[in-house]
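There are 2 protein chains.
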Amino acid sequence: MARNGWMRGLGIFVLCGVTHPAMAAAQEPALNLMPRPAVAQAGSGSLRVDSSFTLALSGHSEPRLDRAAERFLRQLSRQAALPVAPKPSKGAKATLVIQTDHASKGIQEVSEDESYTLEVSPAGAKLTAPNPLGAMHGLQTFLQLVDVSPGGFAAPAVTIRDKPRFPWRGLMIDSARHFIPLDVIRRNLDGMEAVKMNVFHWHLSENQGFRVESKKFPKLHEQGSDGLYYTQEEIREVLAYARDRGIRVVPEFDLPGHSTAWFVGHPELASSPGPYEIERRWGIFDPAIDPTNEKTYKFLDQFIGEMAKLFPDQFFHVGGDEVNGKQWDANPKIQEFMKAHGIKNNQALQSYFNKRLQPMVAKHGKSMIGWDEVLDPSLPKDITIQSWRGPASLAQAAKQGYRGILSNGYYLDLGWSAARHYAVDPMSGDAANLAPEEKQRILGGESCMWSEYVNPENVDSRIWPRNAAIAERLWSPQEVTDAASMYSRLDFISARLEWVGLTHKSYSPKMLHRIAGAASPAEFAALRNLADVVEPVKDYTREQTAPAHPTSATPMNRLVDAVPLESDAGRRFVELVDQFVAGSCRDAASEAQLRSQFTLWRDNDAKLQPLAQRSFLVQEIAGRSQDLSALGSAGLSALDAIVKGQPASDSWKAQQLASIDGAKKPNAQLLLIPAPAVQKLMEAGASGGACVARN
Amino acid sequence: MARNGWMRGLGIFVLCGVTHPAMAAAQEPALNLMPRPAVAQAGSGSLRVDSSFTLALSGHSEPRLDRAAERFLRQLSRQAALPVAPKPSKGAKATLVIQTDHASKGIQEVSEDESYTLEVSPAGAKLTAPNPLGAMHGLQTFLQLVDVSPGGFAAPAVTIRDKPRFPWRGLMIDSARHFIPLDVIRRNLDGMEAVKMNVFHWHLSENQGFRVESKKFPKLHEQGSDGLYYTQEEIREVLAYARDRGIRVVPEFDLPGHSTAWFVGHPELASSPGPYEIERRWGIFDPAIDPTNEKTYKFLDQFIGEMAKLFPDQFFHVGGDEVNGKQWDANPKIQEFMKAHGIKNNQALQSYFNKRLQPMVAKHGKSMIGWDEVLDPSLPKDITIQSWRGPASLAQAAKQGYRGILSNGYYLDLGWSAARHYAVDPMSGDAANLAPEEKQRILGGESCMWSEYVNPENVDSRIWPRNAAIAERLWSPQEVTDAASMYSRLDFISARLEWVGLTHKSYSPKMLHRIAGAASPAEFAALRNLADVVEPVKDYTREQTAPAHPTSATPMNRLVDAVPLESDAGRRFVELVDQFVAGSCRDAASEAQLRSQFTLWRDNDAKLQPLAQRSFLVQEIAGRSQDLSALGSAGLSALDAIVKGQPASDSWKAQQLASIDGAKKPNAQLLLIPAPAVQKLMEAGASGGACVARN
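Those sequence lines, one after another, are chains A and B. In terms of the working numbering, the first sequence is numbered consecutively and its last residue is 695. In terms of the working numbering, the second sequence is numbered consecutively and its last residue is 1390.
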């Protein structure tokens, strides 16, 4: 998985603007569910949910279903502030009755049935599922259905028959570049449960840290983590927590590259003698394991054996990405080995390594999964490919008989809009043309939260709410693609996710207060107005545009750290301008709304500048504030031109363009989202085009 | 402590409006400290605080000071998002050096020295204190000093010599009426530490619940708590947590009244045979312990012995308030006993009870404290009076030789403004005229958070930020009374308190989302605009104005539960109108600001009403929304009249008054804070008075 720009030459990463795909006008969806169920049929009336609500379990039960039922009751009680009975009963009489047929597997499997049927009528609700996994998904659906109504809290009458489109719906969190504390992991598992994701891929080792306690090789975590690692006891707690939520946990130990932190305590594993220190910078680095040393394999056999016992899942992720080969090139012993064994190049050497690794993983009862680079036709078909390179390589793997999951297009750290992630489908591109049995091998996808620029404060906001759109892509039928409906439901689900315990909305005011310090209320409001319409720079530009070379010790206290990766206000403004222009600029209410917005922006800078004199964190964005002010003036001028209804002069246009151009450029690593839309409005006003006919 | 209206006949509680005392125009305080230190002398320049910051301990040290130092470093790192070294060193070289002279007491005492001196210069900072208590207070002062500056995070150069005015600065939390979970208790202790409060008074038993595990009498918590109680192990953890923060914990077991929950498991203690159930309603109830039964005292001796061991503090609170005497009147055996012992009335019977209780408390090594009602001149001078009745009874106690603390005027649940609490001084009224040695007996005060209408979600917002103003009253010199300065600093401290972990600001959007359900962004904004300028009804009117008789099972999901008890926006609006009118309505900028505010209010209702059709929780406040809209229109009309500059007609005035009058009345248990100020503006416009001269 490319972590910086060195592979950009391959043309795989296209730097994209921040405009969103054209969207149909927002329409109120019948049900505020995310992900959308496979089939939903509206009934009439609704089921009242008040403090007399009861839950009963019938048929098969097991402890985790009992716990899920109690968790459901706590969550229902919390989201409605209703004191409902905290325990489910056994039997067939209750407001909501769960009927489960049989047990789920002791260790959750990829192929396990996750389907359920939920019938809600004014008289009661029934949730039927073959096994507890489906029952747990159905409970989450019910929680989303319950909302305020004219007569109290209620769930609309509906019959839902639901099952996932893909069996592998994952979120990867990189706990290695920045350590992510357990409470953050847990609340993200809660979020995953809410949107029916079922795989937590835990990236646990990197150049910047080795994050798991190893009892066999304690120097790994003792010397490779700055003391920031998970004990095996803590890992087991997370595993139980995840299993309780129907979530498999796939650990990743990235090899042979991305491995500097291993070598701090074990330099003998590396291809160059060392000594090594924990890496503090970001990027691709030279250290790589020595695949020609038999001791490497002895070590790995024992290590994998230990970890295979700790992590029960069938899959074991070995990384395998982005080896630059420099240490291999520079080591004469390795070069000699390659010659002796007819290994032609570094790619072939990595294949050799994987061919040694795979049987080891299999011996310990696991199925190997790795990033694109591990793909080699000589490996057994048991391995699974995680594609960060794109749909083409995913399709290629499937064609060759390998199972695969898609992560290309789902990198949460790149700052894409929810709509852009939403448009990425594992079955698109080359995959669309695969034969049915090849398509079967595409198991699903995983969103990825790489952690160079996140910390425990803002990581939730980098994952959510956009991750819910990816969750829907992987669960819902392929034809569920309307971005406007997605955004409308996402607004609702996003607020709900804060009830679940995530902090993706509430973190931001706190970070803004840090930036503002002892600001007056008016100054703080001005900062918030600016923060509302900016987004961090996108894709892989964060490092190259940084004011100082970023490392793992760089404070994350700037506005770029404090604003969400997608601006809701920015998106709505763009939609408003699009609609206004599409309607020949005739809509008076929209015009008034735009005018009021532009006036606020124009006047905002004067309110913020005094604070810029006192806070270095505001000083950094003083230019952005001026740009927003310029956008406000240009917007007002454009509206005036539209009202006039005559083609504007070239000099006017040039003048407006100049002031918009500054706003369009990134500054302080921030993009001003409204800038292109203001330009669109200005051109509509200047052209004497559609907007002329308004009078 | 009066929990409902039955004592209102005594004239002790005066229903007050929500206007604030006249305030001087806000002036920027030199230092954003709360509480204000006794003496502060500004230096020149500032001390830069960046990731090279270090802390050293010299002189005496003890484990809790080490822990306080580590906690300080974590908090500094968190509030600035700076990766500072996580451990302090020993010695005299560091950015901040703490010099402590000697140990603090093993069990914190009321009279312990809490003073410290903090010298900050551009070269470094030195914190000197006689013992760790002062050092811990000084660390909190330093944390408040660190803020954004033009060159990075910095603390201004200053020399502070600080000590508290009163030795007893407490917060009482009622964990009995609504159970308050441990994490909420802990974060409130963190908040107390931040504002230098040093007594946590824990109200642990009530009619509605008995909240402590008793190993001697397990039926107390098993049958009296619905399972919602603290284990002794949990209590010990809280005690250690509090001690680490320089906070004493005074437990309260309220007797002989307020005791229904005791009798569920132990009806034999009551004055009527029972059986008893946990009380679900609010108010004063009949059940009272039987003070004529010798078994009562055997029981209490054992119980107090057990609790005296659990809680190390020197003080033991026995409640003693609000016994209505009905069970005593109705019990012939008790009547007989009174006759036989020459006990004339119920007050005398309670005195008898206290005279039996006090030596028992003393025997177990504790000093008895109780509410006003325990005061009886025949009791030894060792007891302490907590005054909920007012300064007169406090002064009376001091005159009679008893120590006392003031809580009257500091009841956080009554919804008073911070300024109103701030104006209450333990040394005012009769106390001002006490002799010096009598004044010495007034130890300080305690804010009280009674919990009829709070739950874990909103309790922080009922305590903070107003509690910080009370903390300042009890710490800072008596002459620190400027409310404008207090509010300016409170804004800053309030944001800081969220960094400490409190949720008094962040809870509100979540509760508004529950009320709004699947609202559009515009609808949600309209709800927020209304929420911003309302406050819950004040004093003891909450129960009598409730739509249904409130109990402990009443959901707390309405707007009255979701808004803070003091509206910042409302207060600022009132200030704006006051300043505008005081300036003869000449200030154009203020006029524009008012006009924009009124326009927003006028148009807000149309945006909110569609949501009222869908949400019963919005339906309840639809009338308030219309009232706000009417205020907006009236305000605009008033501004127009002011611009005209001529006396308005009586009919105009009558019409305006009618629409403002509706807004002035409580509705949905909410007050519209701007209403009186809009009336003031209208009268200024109508009168042809000062505002006429504007042109």
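All residues carry an ideal CB built from backbone N, CA and C; glycine is no exception. Since the structure is predicted, the reported quantities are computational estimates derived from the model, not experimental observations.
- Assignment of A/Ser46 by DSSP, reduced to helix, strand and coil, places it in the strand class.
- In this structure, B/Ala1093 and B/Ala1043 do not form a Cβ contact; the two beta carbons are roughly 23 Å apart against a cut-off of 8 Å.
- Counting C-beta atoms within 10 angstroms of its own C-beta, A/Asp640 has fewer than 16 neighbours from the protein chains shown and is therefore classed as exposed.
- The beta-carbon of A/Ser51 is placed less than 8 Å from the nearest beta-carbon of chain B.
- Not a single CB atom of chain B sits nearer than 8 Å to the CB of A/His201.
- At a beta-carbon threshold of 8 Å, the residues of chain A lying near B/Gln1308 are Pro150, ordered along the chain.
- Collapsing the DSSP output to three states places A/Asn604 in a helix.
- As DSSP reads the structure, A/His201 sits in a beta bridge with A/Met172, A/Val250.
- Between B/Ile930 and B/Met887 the beta-carbon gap is near 17 Å, outside 8 Å, which marks them as no contact.
- Closer than 8 Å to the CB of A/Arg514 there is at least one CB belonging to chain B.
- A residue is called buried when at least 16 other Cβ atoms come within 10 angstroms of its Cβ; B/Glu972 does not meet this threshold and is exposed.
- Note: A/Ile160 is bridge-paired with A/Ala40, A/Leu118 in the DSSP secondary-structure output.
- Judged by pairs of C-beta atoms under 8 Å, the region 493–502 of chain A does not touch the region 531–538 of chain A, as fewer than three such pairs exist.
- Cβ contact annotation for B/Pro951 (same chain, cutoff 7 Å, sequence separation greater than five): Ala983, Ile984, Pro986, Val1018, Gln1045, Phe1048, in chain order.
- With respect to chain A, the C-beta atom of B/Phe1032 has no partner C-beta closer than 8 Å.
- Put simply, the backbone Cα of A/Leu600 is about 13 Å away from that of A/Pro674.
- Of A/Gly283, A/Glu523, A/Leu628, the smallest CA-CA separation from A/Gln544 is found for A/Gly283.
- With contacts defined as CB atoms closer than 8 Å, A/Leu76 and A/Pro122 fail to qualify as a contacting pair.
- The DSSP assignment places complete alpha helix (DSSP H) segments of no fewer than 4 residues inside the region 1044–1098 of chain B at 1086–1094, in order along the chain.
- At a cut-off of 8 Å, the C-beta of A/Gln79 has a neighbouring C-beta in chain B.
- Per DSSP, reduced to three states, the secondary structure at B/Asp1120 is coil, with no helix or strand assignment.
- For B/Asp842, the chain A residues whose C-beta falls within less than 8 Å of its own C-beta are Gly517, Ala518, listed in chain order.
- Every alpha helix (DSSP H) stretch that sits fully inside the region 1248–1319 of chain B and reaches 4 residues is listed by chain position as 1254–1257, 1263–1277, 1283–1309, 1311–1314.
- Using a Cβ distance threshold of 8 Å, B/Asn1252 and A/Ala85 do not count as a contacting pair.
- Residues of the region 1244–1255 of chain B with a Cβ closer than 7 Å to any Cβ of chain A, in chain order: Ala1248, Pro1250, Met1251, Asn1252.
- In this model, B/Leu1367 and B/Leu1260 are separated by some 12 Å (Cα to Cα).
- Per DSSP, the beta bridge partners of B/Tyr1106 are B/Cys1143.
- Look at B/Thr1246 here: in three-state DSSP terms it is strand.
- With respect to the C-alpha of B/Ala1211, the residue from A/Ala495, A/Ser520, A/Ser508 having the closest C-alpha is A/Ala495.
- Excluding residues up to 5 positions away in sequence, Asp869, Asp1108 lie with their Cβ nearer than 6 Å to the Cβ of B/Trp1145 in the same chain.
- Per the coordinates, the alpha-carbon of B/Gln1308 lies some 10 Å from the alpha-carbon of A/Gly151.
- Here DSSP, grouped into helix, strand and coil, assigns A/His317 to strand.
- Using a 10 angstroms sphere on the CB of B/Glu963, the tally of other CB atoms stays under 16, which defines it as exposed.
- Interface residue (Cβ-Cβ distance to chain A less than 8 Å): B/Trp1023 is not classified as such.
- DSSP places B/Arg976 in the strand class (E or B) of the three-state scheme.
- Going by C-alpha positions, A/Ser649 is about 33 Å away from A/Ala668.
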